[in-house]
C-alpha cells in the first residue's frame with residue numbers, strides 16, 4: 067500500500083528540518099549571545115530555514131476533509147511548498163539554501179590531438 071500524501075509531506079519536512087538544524091542552532095546561539103551575523107545568514111534564517119509556512123501548509127492539509135480538496139484551497143505559494151516537501155521526502159536533501167551549496171565541477175576530459183601530443187613530448 068503506498069504511503070498517504072500527508073505522511074510523504076511530513077517525511078519531507080522532517081528531512082528538511084534535520085538538514086538545517088546544525089546551522090540554524092549555531093546562528094541562533096550567536097544571536098542569543100548578542101553577536102552579529104551576516105546579512106546573508108539573517109536572510110537564510112528568515113526565508114529558507116523558516117519552517118513556519120511549511121508547518122502551516124501541513125496543518126491546513128491535515129485539517130481538510132480530503133487531501134485533494136485541501137490542495138485546491140491552497141494558494142500558489144502553498145502549492146509550491148507542497149512540491150518542495152514532496153521532493154525532499156523522495157531524495158536526500160544535500161543542503162538547504164543556495165548559500166551552502168557547493169559549486170558543480172564542470173570539468174570535461176578532452177583528448178589531445180596528435181599535434182598537441184607531439185608538442186608535449188618535445
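In the numbering used here, the protein residues as written are 67 to 188. Glycine residues also receive a C-beta, built at the ideal position from the N, C-alpha and C atoms.
State the DSSP-derived secondary structure class of residue i, mapped to helix, strand or coil.
i, result
"residue 117", "coil"
"residue 69", "coil"
"residue 104", "coil"
Residue i lies in the alpha helix (DSSP H); which residues open and close that run?
i, result
"residue 137", "133-138"
"residue 156", "142-156"
In whole angstroms, what is the alpha-carbon distance linking residue i and residue j?
i, j, result
"residue 106", "residue 94", "14 Å"
"residue 133", "residue 112", "28 Å"
"residue 145", "residue 137", "7 Å"
"residue 135", "residue 117", "23 Å"
"residue 91", "residue 80", "16 Å"
"residue 86", "residue 131", "32 Å"
"residue 73", "residue 89", "26 Å"
"residue 127", "residue 154", "18 Å"
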